[in-house]
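If you're matching positions, the sequence shown starts at 155 in this note's numbering and goes up one per residue.
Working notes, beginning with the structure itself.
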Amino acid sequence: MIALIVGIVVVGSAVPGGAHQEWFVNAPEAYPLDFGALLRPGVVLAAAAAVAVTFLLRSVAARLPTPELAVIKPVRRLGSLVPWALRLLAAHLGVSLLVLAFDRAVLDLGIHVPGGVGGTLLLDPQAIVGGLLIAGVLVRAASVAIMLTGPLLVALQGPEALVTLAVFVGIAAFLFVLPPHLKDGGRMDLDLATLRRATFGLALGVGVTLISLAVVEKLANPEMARAMLEQEPLLNLLAPFGVSPGAFAVVAGSVELLFGLLIISGALPQVVAILTAVPFTATLALFGATEFLGHLPLYGVLLSFLVLGSLEETSHSLSGLRRRAGVPTH
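Okay, here's the thing in structure tokens:
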């Protein structure tokens with residue numbers, strides 16, 4: 155079990171998907187999707203391995219103590235932040251939306267509105283929503299506004315954007331189901347049944363985003379992945395061992411696919427949150443503030459999972475697993 159997790163960390167730290175490739179690769183429009191590439195033996199085998207590991211960890215999680223990282227004192231102290239998890243997530247998303255609006259981008263650094271007054275008018279609602287989320291005011295209305303951006307995304311970028319940006323739908327659903335209470339400074343109710351529904355939507359959103367990015371930027375787009383690795387050769391940490399850019403792209407895509415599946419599964423939420431954060435943090439040295447701001451909503455989700463996973467009852471709401479007889483808790 156430990157060897158498996160260490161292996162995921164080592165490979166995951168080299169995943170170029172930590173940096174959203176379409177933001178940084180030269181001329182991303184020059185690399186169309188090739189769904190036939192998904193049928194390559196290496197891709198099929200890697201995808202099957204990701205699914206198998208997901209089922210394995212889900213099974214193992216039911217036999218481990220909850221929370222799984224309670225032995226680490228700083229992580230255990232995160233339990234005091236559970237009532238504020240929603241405010242933390244809303245603030246991450248709000249800052250991201252506000253900064254993107256000033257960059258003339260809609261939800262994503264790769265989706266820009268046309269210049270002029272018309273484009274600015276499209277961005278005004280996003281800036282307002284960002285401000286509301288930061289302030290913790292009218293959070294439900296702000297969440298609905300995020301969900302209603304779908305038609306605009308399709309018009310600007312095509313239907314593919316709806317899948318790759320599913321994380322925003324997941325966050326919006328979470329904030330809609332569990333809005334903060336202003337009179338309590340933004341605390342959320344800890345109704346476990348409601349929390350379970352909200353966190354499932356959140357996990358599904360971020361999981362779908364990671365899976366879709368694994369497909370559209372790597373597994374079904376080997377040319378883009380290869381171009382990214384040739385443009386930034388430091389991303390391929392396995393190059394000294396003779397691993398080609400094409401082969402490493404398959405490894406990277408399968409690891410990103412695995413992260414998406416693990417998040418949806420709900421197994422070991424704290425461990426999975428930390429593992430997923432590794433590649434998205436490791437590449438900050440190469441891509442800096444642009445990547446940090448672009449992935450701020452994802453960081454907020456992973457922080458929420460880490461916090462919510464720090465108490466036994468909220469951890470079970472994340473995973474949907476029931477504690478088996480004889481399994482200790484912390």
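Note that the Cβ used here is the ideal one computed from N, Cα and C, for glycine as well.
>> If distances are taken between C-alpha atoms only, which option among THR353, PHE256 and GLY359 comes closest to MET301?
In response: GLY359
> Which residue's Cα is closest to the Cα of ILE431: THR444, PHE395 and GLY414?
Replying inline: Strictly speaking, residue 431 in this sequence is Ala, with Ile absent from that position. For ALA431, the nearest C-alpha among the options comes from GLY414.
> Buried or exposed: which applies to VAL321, given that a residue is buried once 16 or more other Cβ atoms fall within 10 Å of its Cβ?
Replying inline: buried
> Nearest-angstrom Cα distance between ILE282 and ARG231?
Replying inline: Here the alpha carbons of ARG231 and ILE282 stand approximately 34 Å from one another.
> Would the stretch 396-415 and the stretch 202-214 be scored as touching if the rule is three or more Cβ pairs under 8 Å?
Replying inline: yes
> To the nearest angstrom, how far is it from the Cα of ALA443 to the Cα of ALA216?
Replying inline: 39 Å
>> Am I right that LEU263 and GLY448 are in contact with their C-beta atoms under 8 Å? What's the rounded C-beta distance?
In response: 5 Å
>> Give me, in chain order, the residues of the same chain whose beta-carbon lies closer than 8 Å to that of LEU460; leave out the 5 immediate sequence neighbours on both sides.
In response: VAL229, LEU232, PRO423, GLN424, ALA427 and ILE428
>> On the DSSP letters alone, give me the boundaries of the alpha helix (DSSP H) that TYR185 sits inside.
In response: TYR185 -> no alpha helix (DSSP H), and no H or E assigned at all.
>> In the DSSP assignment, the alpha helix (DSSP H) including SER408 goes from what residue to what residue?
In response: 399-419
> Are the stretch 176-193 and the stretch 364-375 in contact at 8 Å, needing three or more beta carbon pairs?
Replying inline: As far as the Cβ criterion goes, the stretch 176-193 touches the stretch 364-375, which means the pair count is three or higher.
>> Could you tell me the alpha carbon to alpha carbon distance between LEU344 and PRO237, rounded to whole angstroms?
In response: 7 Å
>> Which same chain residues end up closer than 6 Å to LEU310 when comparing Cβ atoms and leaving out the 5 residues on each side of it in sequence?
In response: ILE265
> How far does the alpha helix (DSSP H) with VAL260 in it reach, from first residue to last?
Replying inline: Looking at the DSSP string, VAL260 is not in any alpha helix (DSSP H), and its letter there is neither H nor E.
> Are the Cβ atoms of LEU287 and ALA259 separated by less than 8 Å?
Replying inline: no
>> Here's a check: name, in chain order, each residue in its chain whose Cβ is nearer than 6 Å to the Cβ of LEU416, leaving out the five neighbours to either side.
In response: THR208 and VAL426
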